[in-house]
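Notes follow the structure.
Number of protein chains: 2
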Amino acid sequence: MRVVLAAGGTETALIDGISAAGATPELMSHTPPADAEIVAYGEPIAAPVTPVSPSGCPTPAAVTRAVREVVGFDLTVLDAGLPEETAAPTVSLEAASGADVRSAVAVPDAAAIYDRAREFGASLPDDEILIGETIPGGTTTALGVLTALGEPADVSSSLPTNPLERKRAVVEEALAASDLAAGDCADEPLEAIRQVGDPVQAAAMGVATGALEAGLEVTLAGGTQMATVAALLRRSGVDAELSIATTSFVADERGGSLGETCFRLNCELTVTDPGFDEGDHVAMARYCAGEAKEGVAMGGALSLVPDDELPVVREHLVTVCDRLGIEATGGDEAIPGTGDEPTHGS
Amino acid sequence: MRVVLAAGGTETALIDGISAAGATPELMSHTPPADAEIVAYGEPIAAPVTPVSPSGCPTPAAVTRAVREVVGFDLTVLDAGLPEETAAPTVSLEAASGADVRSAVAVPDAAAIYDRAREFGASLPDDEILIGETIPGGTTTALGVLTALGEPADVSSSLPTNPLERKRAVVEEALAASDLAAGDCADEPLEAIRQVGDPVQAAAMGVATGALEAGLEVTLAGGTQMATVAALLRRSGVDAELSIATTSFVADERGGSLGETCFRLNCELTVTDPGFDEGDHVAMARYCAGEAKEGVAMGGALSLVPDDELPVVREHLVTVCDRLGIEATGGDEAIPGTGDEPTHGS
Numbered sequence: 001m002r003v004v005l006a007a008g009g010t011e012t013a014l015i016d017g018i019s020a021a022g023a024t025p026e027l028m029s030h031t032p033p034a035d036a037e038i039v040a041y042g043e044p045i046a047a048p049v050t051p052v053s054p055s056g057c058p059t060p061a062a063v064t065r066a067v068r069e070v071v072g073f074d075l076t077v078l079d080a081g082l083p084e085e086t087a088a089p090t091v092s093l094e095a096a097s098g099a100d101v102r103s104a105v106a107v108p109d110a111a112a113i114y115d116r117a118r119e120f121g122a123s124l125p126d127d128e129i130l131i132g133e134t135i136p137g138g139t140t141t142a143l144g145v146l147t148a149l150g151e152p153a154d155v156s157s158s159l160p161t162n163p164l165e166r167k168r169a170v171v172e173e174a175l176a177a178s179d180l181a182a183g184d185c186a187d188e189p190l191e192a193i194r195q196v197g198d199p200v201q202a203a204a205m206g207v208a209t210g211a212l213e214a215g216l217e218v219t220l221a222g223g224t225q226m227a228t229v230a231a232l233l234r235r236s237g238v239d240a241e242l243s244i245a246t247t248s249f250v251a252d253e254r255g256g257s258l259g260e261t262c263f264r265l266n267c268e269l270t271v272t273d274p275g276f277d278e279g280d281h282v283a284m285a286r287y288c289a290g291e292a293k294e295g296v297a298m299g300g301a302l303s304l305v306p307d308d309e310l311p312v313v314r315e316h317l318v319t320v321c322d323r324l325g326i327e328a329t330g331g332d333e334a335i336p337g338t339g340d341e342p343t344h345g346s
Numbered sequence: 347m348r349v350v351l352a353a354g355g356t357e358t359a360l361i362d363g364i365s366a367a368g369a370t371p372e373l374m375s376h377t378p379p380a381d382a383e384i385v386a387y388g389e390p391i392a393a394p395v396t397p398v399s400p401s402g403c404p405t406p407a408a409v410t411r412a413v414r415e416v417v418g419f420d421l422t423v424l425d426a427g428l429p430e431e432t433a434a435p436t437v438s439l440e441a442a443s444g445a446d447v448r449s450a451v452a453v454p455d456a457a458a459i460y461d462r463a464r465e466f467g468a469s470l471p472d473d474e475i476l477i478g479e480t481i482p483g484g485t486t487t488a489l490g491v492l493t494a495l496g497e498p499a500d501v502s503s504s505l506p507t508n509p510l511e512r513k514r515a516v517v518e519e520a521l522a523a524s525d526l527a528a529g530d531c532a533d534e535p536l537e538a539i540r541q542v543g544d545p546v547q548a549a550a551m552g553v554a555t556g557a558l559e560a561g562l563e564v565t566l567a568g569g570t571q572m573a574t575v576a577a578l579l580r581r582s583g584v585d586a587e588l589s590i591a592t593t594s595f596v597a598d599e600r601g602g603s604l605g606e607t608c609f610r611l612n613c614e615l616t617v618t619d620p621g622f623d624e625g626d627h628v629a630m631a632r633y634c635a636g637e638a639k640e641g642v643a644m645g646g647a648l649s650l651v652p653d654d655e656l657p658v659v660r661e662h663l664v665t666v667c668d669r670l671g672i673e674a675t676g677g678d679e680a681i682p683g684t685g686d687e688p689t690h691g692s
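Keeping their order, the protein sequence lines are chains C and U.
Using our numbering, you'd call the opening residue of the first sequence number 1 and step up by one each time.
Using our numbering, you'd call the opening residue of the second sequence number 347 and step up by one each time.
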């Protein structure tokens, strides 16, 4: 089993109040490089940040790494426009980081990224792959693309309180800047990405397309953002079997709407509850309180774990958190669900 | 356990009669990308060649991959000047491929490559690493560096009959072009690389230095070329414990001289015989006949295998060969040791 992690950036993440994936906007561009290093090596080894929220919630990369230590999947990180260097080994898609969606064109090279990723996906020797993402601001670009496609636009957040109105306002501005109305890109998924998306969407869509063409089983590992990739794939005419695997944190927030989305997109849905309520660690408590929820293929990775091994994954998560400098009872004493959330929030 | 594979190129490989690492000079530049893909994925997935000699001897990458399938080591490929793209994930050292050693300067950015590799090596979270190489023409650049350092210059070959006189003539020309006499770089190892070496040497030396400084155990996985890296390290003042792990094929060709080299460089030597004489496959027969011998961390990888698992490695090698299109009884019917060897030969 291989996890393909598409990692990149978009300047959309720098818009105030959009993403929790980094303590400050300046540091946020180091989150995807750090995420890649955490899954590859177990900790950031060159990235100058450890993506942990002010309240002690670690990046989902920590969970994905914990799963990797238990089930041992292969990893390929795609450089789909990383805003900063990473010491994780990467396959380059010669992608630049995306522009702010409120500019005229967000991903000028969307088609080229898609083509390279598709070729890569078609060449993989595996029987099945999971595709995940790490890109701060990715739920806002997901909302942009869903709106441009004319899909129901309902996205998740890495913050306990979803700044959805803020995201909608950004997307309205983005569509206006691209001279688009909702649904204008219904049959042009790559154009939707080019106008109001991000380079990671082009990469994930390309890898999935190539892999499906080559007969691999493909699971999109994530929530809102990967469901958006599913929509892009269906709009581009891909009708192969497709699965989405996500966490119970996303499923709980979305209620029945995630299932409806998957039904509409003809995708099988797998939801995994990592049992963090049984863990005695601030990192798990923060996830239970609704922070982070998903990302870096977390839900897909968890779907690989047999039920009786989930406690082992939680043990590994504790040691990963140790390496990330998160103490079991650390954090800023934020009380779950009281709105005492960090300033930035994908 | 992590294997760090420094992969790169040098135009020295294009000199007629120097390297066996590729059927033609044009295809040879694809050998390091293909080697990296074979260890990463089990087969070349984007590289347009499968490095197999005309007589059916596969690249040592096939053996390293077979070991990986049995013992499951982590892999990090360093792009230390790859002449062509690879679909294997790589950590870039921003290195260019090396020039022909017969030009005035072979590796203009040797010091910068070394610095980046040293930083990378120091950041690794592992307890121990193996460092290997893939670079066609690498034994000739090894001879160049050993000569410039004033070390006894005795190198191996990927051909059954070592074109040593050819290599010596090239190195003489290389030293003259750099206005150097033997031993002129005795205390300037990076200068030796810059003048008559290759970028992979700078990368391997840098990673080893950084890793040793960070307290990791370091094994240089290879024969002639990695012994040259050991010499570079000792000349740069590194006096930490250092091991060399190689194959019985190199040890058999070198007789007692390899042991002497290791003694002189204060390196522990591990030699592993993969028992290919017990295997019934043309790939193993070719190794027993003296082809390829070592490379792509083969000897170091084999040193990780418990004796009673070597038969399992040989079984995996057969399936790797299947994927590479090498039939058990294939090849051009060359008779071992009769001089019926391929045209090109590191």
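Glycine is no exception: its CB is placed at the ideal position from the N, C-alpha and C atoms.
Does any residue of chain U bring its CB to less than 7 Å from the CB of residue i?
i                     : result
residue 241 (chain C) : no
residue 46 (chain C)  : yes
residue 77 (chain C)  : yes
residue 114 (chain C) : no
residue 87 (chain C)  : yes
residue 51 (chain C)  : no
residue 91 (chain C)  : yes
residue 120 (chain C) : yes
Does any C-beta atom of chain C lie closer than 7 Å to the C-beta of residue i?
i                     : result
residue 365 (chain U) : no
residue 389 (chain U) : yes
residue 443 (chain U) : no
residue 469 (chain U) : yes
residue 617 (chain U) : no
DSSP three-state call for residue i: helix, strand or coil?
i                     : result
residue 331 (chain C) : With a pLDDT of only 47 at residue 331 (chain C), under 50, the local geometry of the prediction cannot be trusted, and the value read off the model is given with reservation. Residue 331 (chain C) falls in the coil class under three-state DSSP.
residue 590 (chain U) : strand
residue 353 (chain U) : strand
residue 74 (chain C)  : strand
residue 177 (chain C) : helix
residue 362 (chain C) : Here chain C covers residues 1 to 346 and nothing more, so residue 362 (chain C) does not appear.
residue 154 (chain C) : coil
residue 694 (chain U) : Absent from the structure is residue 694 (chain U), since the part of chain U shown begins at 347 and ends at 692.
residue 348 (chain U) : strand
residue 669 (chain U) : helix
residue 50 (chain C)  : coil
residue 553 (chain U) : helix
residue 115 (chain C) : helix
residue 38 (chain C)  : helix
residue 144 (chain C) : helix
For residue i, which residues in chain U fall below 8 Å Cβ to Cβ?
i                     : result
residue 287 (chain C) : Ordered by position in chain U, no residue passes the 8 Å Cβ test against residue 287 (chain C), which lies about 24 Å from the chain.
Sorted by chain position, which residues of the same chain lie with C-beta nearer than 6 Å to residue i's C-beta, five sequence neighbours on each side aside?
i                     : result
residue 143 (chain C) : 153, 155, 167, 171
residue 442 (chain U) : 427
residue 664 (chain U) : 627
residue 492 (chain U) : 499, 574
For residue i, which residues in the same chain have their Cβ closer than 7 Å to its Cβ, ignoring the five residues on either side in sequence?
i                     : result
residue 667 (chain U) : 404, 408, 627, 629
residue 70 (chain C)  : 305, 309, 312, 313, 316
residue 324 (chain C) : 43, 50, 52, 58, 62
residue 184 (chain C) : 148
residue 113 (chain C) : 80, 93, 95, 199, 202, 203, 206
Excluding the 5 residues preceding and the 5 following residue i in the sequence, name in chain order all residues of the same chain whose CB lies nearer than 8 Å to its CB.
i                     : result
residue 338 (chain C) : Because residue 338 (chain C) sits at a pLDDT of 36, beneath the cut-off of 50, its placement in the model cannot be relied upon, and the point is left open.
residue 527 (chain U) : 521
By alpha-carbon positions, which one of the options ends up nearest to residue i?
i                     : options                    : result
residue 266 (chain C) : C:252, C:290, C:231        : C:231
residue 359 (chain U) : U:509, U:468, U:532, U:470 : U:509
residue 249 (chain C) : C:329, C:159, C:151        : C:159
residue 348 (chain U) : U:622, U:475, U:640        : U:475
residue 4 (chain C)   : C:17, C:16, C:39, C:25     : C:39
residue 439 (chain U) : U:392, U:546, U:449        : U:546
residue 472 (chain U) : U:554, U:511, U:436        : U:554
Using 6 Å as the cut-off, classify the Cβ of residue i as near or not near the heavy atoms of the ligand ZN, replying yes or no.
i                     : result
residue 405 (chain U) : Questions concerning the ligand ZN fall outside what the structure shown contains, since it holds no ligand whatsoever.
Counting only Cβ pairs nearer than 8 Å, list the residues of chain C close to residue i.
i                     : result
residue 663 (chain U) : Residues of chain C passing the Cβ test: none, with the nearest at roughly 17 Å.
Note down, in chain order, every chain C residue with its Cβ under 7 Å from the Cβ of residue i.
i                     : result
residue 375 (chain U) : What residue 375 (chain U) touches in chain C: nothing, since even the nearest Cβ is about 18 Å away.
Residues of chain U with a CB under 7 Å from the CB of residue i: which are they?
i                     : result
residue 218 (chain C) : Simply none; closest approach about 17 Å.
Along chain C, which residues have their Cβ under 9 Å away from the Cβ of residue i?
i                     : result
residue 418 (chain U) : 72
### Query
Which residues, in chain order, does the region 535–551 of chain U contribute to contact with chain A at a C-beta distance below 8 Å?
Structure shown: chain A not included; protein chains present are C and U.
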